[in-house]
Amino acid sequence: MSKRRNDEDSDINVSSTDESDNSDVESQKDQDEEMEEVVNVDFDYFDLNPDVDFHATKTFLRQLFGDDATKFDISSLADLILTKNSVGTTIKTEGKEGDPFALLSVINVTDNTDKPCIKGVVDYLLEKTKGDNEFNLILKKLLVPQKTTKDQTKQLKVGWIVSERMINMPVEVVPPMYKMLTEEMAKAEDAHEKYEFDYFLIVSKIYKMVSPTANEDEESGTKKKKKRGAEVEEFDYFHYEDIVLEENAKYHNHYKYTNHLQETDSRRVFTEYGIDPRLSVLLLDKKGLTKSIPEMAEKFPPF
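To convert, count from 1 in the sequence shown and add 9; that's the working numbering.
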C-alpha cells in the first residue's frame, strides 16, 4: 500500500554528450532543447513487500557491507527484514510491484541473537570494534545475551536500523523514511514486545579519499614517493544523514573492511582521487534517534 507521495517531483537532468557529423541531424536549436530535457520522477513510499522486495533487499545488504558481504548469510537477513508485519519503508517509482530504490527498516537484534545470521553480524561488529575498548564493551553488554541492567529481570533492547539506497538517490528522501519508521514502531500491534528499543545500532559506510598512487620510474623501476609530512586523512559520506546521526550518537567510528576486493584506483571515476570505502558503526540511544529525525529534516528539507 502506498504510504506517501513526495510533495514535488524530483527533476533529473538528462543530457547527451554525443556529437555527430551527420548532416541530417537536428538543428543546433533542437539539440539544445534536447539537452535541457527534464524527466519527472515520482518517488512513492511503500510498506515492505516480501513478495517483491527480496532480491532488492539482498542487493542493498551486499552494497551496505561492501567487500565483506560474503561473510554474511544475506538471504536469511533479507528474510528477517521482510518478516510478516515487519516495519519499514521502500521508495519506488513504478508502484508497489516495482523494484525499490531505497529501503529503511529495523531488526530486533535482542530477540534474534539465537539466529545464525544475526550472530554472524554481532560477531563481526565485535571483532571490528575490539580496538575501541569502551565501544566494544558496550556492544558486548548489549548484543551478547545477558542481563544488562541493575534490574536483572530486564534486558536492554537493541534495534538494528538497516538503511540503504541506490547511489544516486537524494538524501532528502531519507528524513521522511525515518519519521515513518518511528511512527510505525510506536503504532505496531506488538510494539511493546518488538519495537520498544533502548538503543539503535546503525551500520553504514564512509570513504577515505585516496591520492593517486606513486608513479613508477621507468628507468630505475623504483617508485617515486611523495613526502607525506603531517598528511591528514580526508573522509566523506555515502549517506549524508550520518552527519546528523553521528552528532547524536553515543558511540561511532569507522573501520577497514576485512576483505579488499577492489583497488582504490579502479574507483577513481569523477575526480583524481580514489575511494577507499570503510565500515561505519553508530550506536544511538532512543533519545538520540528521536533528536536526529527533525534535525535531518531541517538539514535536508524536501525538494
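Every residue, glycine too, gets a C-beta built ideally from N, C-alpha and C. These figures come from a predicted structure and were not determined experimentally.
{"Query": "Through-space distance from P311 to I21, alpha-carbon basis", "Result": "Note that I21 scores a pLDDT of 39, beneath 50, so its modelled location is shaky; the value from the coordinates is reported in the next line. Computed Cα separation, rounded: 15 Å."}
{"Query": "H64 in three-state terms, based on DSSP", "Result": "helix"}
{"Query": "F110 beta carbon less than 8 Å from that of M178", "Result": "yes"}
{"Query": "Enclosing beta strand (DSSP E) for G168 [first to last residue]", "Result": "V167 to R174"}
{"Query": "Nearest residue (CA-CA) to V289, options H263, Y133, E255 and K296", "Result": "The displayed chain sequence assigns Ser, not Val, to residue 289. It is H263."}
{"Query": "Straight-line Cα distance separating E202 from K149", "Result": "22 Å"}
{"Query": "Per-residue DSSP class, three states only, for D123", "Result": "coil"}
{"Query": "I215 and L254 closer than 8 Å at C-beta", "Result": "no"}
{"Query": "Buried/exposed call for D62, threshold 16 Cβ in 10 Å", "Result": "buried"}
{"Query": "Whole-angstrom distance between T98 and L57, CA atom to CA atom", "Result": "6 Å"}
{"Query": "Straight-line Cα distance separating L152 from P286", "Result": "25 Å"}
{"Query": "Inter-residue CB distance, K166 and E205 (contact presumed, cutoff 8 Å)", "Result": "7 Å"}
{"Query": "CB contact check: I215 to chain C, cutoff 8 Å", "Result": "Reference to chain C is not applicable here, since this structure consists of a single protein chain."}
{"Query": "Bridge partners - A111, DSSP secondary structure assignment", "Result": "I100 and R174"}
{"Query": "Sequence-distant residues of the same chain with beta carbon closer than 7 Å to G140, five excluded per side", "Result": "none"}
{"Query": "8 Å Cβ cutoff met for M189 and E250", "Result": "no"}
{"Query": "Whole-angstrom C-beta distance between F144 and T102, which should lie under 8 Å", "Result": "Between F144 and T102 the Cβ distance is about 39 Å, and since that is not below 8 Å, they are no contact."}
{"Query": "Close Cβ partners of E227 (< 8 Å) along its chain, the five nearest in sequence each way excluded", "Result": "Confidence in E227 is poor, its pLDDT being 40 and thus under 50, which makes the residue's placement too unreliable to answer from."}
{"Query": "Within 8 Å, strictly: CB atoms of C126 and D82", "Result": "yes"}
{"Query": "Element boundaries [beta strand (DSSP E), containing G283]", "Result": "G283 to D294"}
{"Query": "Sheet register partners of N117 (DSSP bridge)", "Result": "G168"}
{"Query": "Residues sharing a beta bridge with V131, DSSP", "Result": "Beta-bridge pairing links V131 to no other residue."}
{"Query": "Minimum C-alpha distance to G168 - residue among A65, V130 and T79", "Result": "V130"}
{"Query": "Closest residue to K308 among E256, K124 and K196 (Cα-Cα distance)", "Result": "E256"}
{"Query": "Which listed residue (N117, R174 and L292) has its alpha carbon closest to that of T138", "Result": "L292"}
{"Query": "L57: first and last residue of the uninterrupted alpha helix (DSSP H) it sits in", "Result": "From DSSP, L57 is part of no alpha helix (DSSP H); its letter is neither H nor E."}
{"Query": "Buried or exposed (CB count within 10 angstroms, at least 16 for buried), A195", "Result": "exposed"}
{"Query": "As assigned by DSSP and simplified to three states, the class of N262", "Result": "strand"}
{"Query": "Start-to-end residues for the alpha helix (DSSP H) that takes in K150", "Result": "N142 to L152"}
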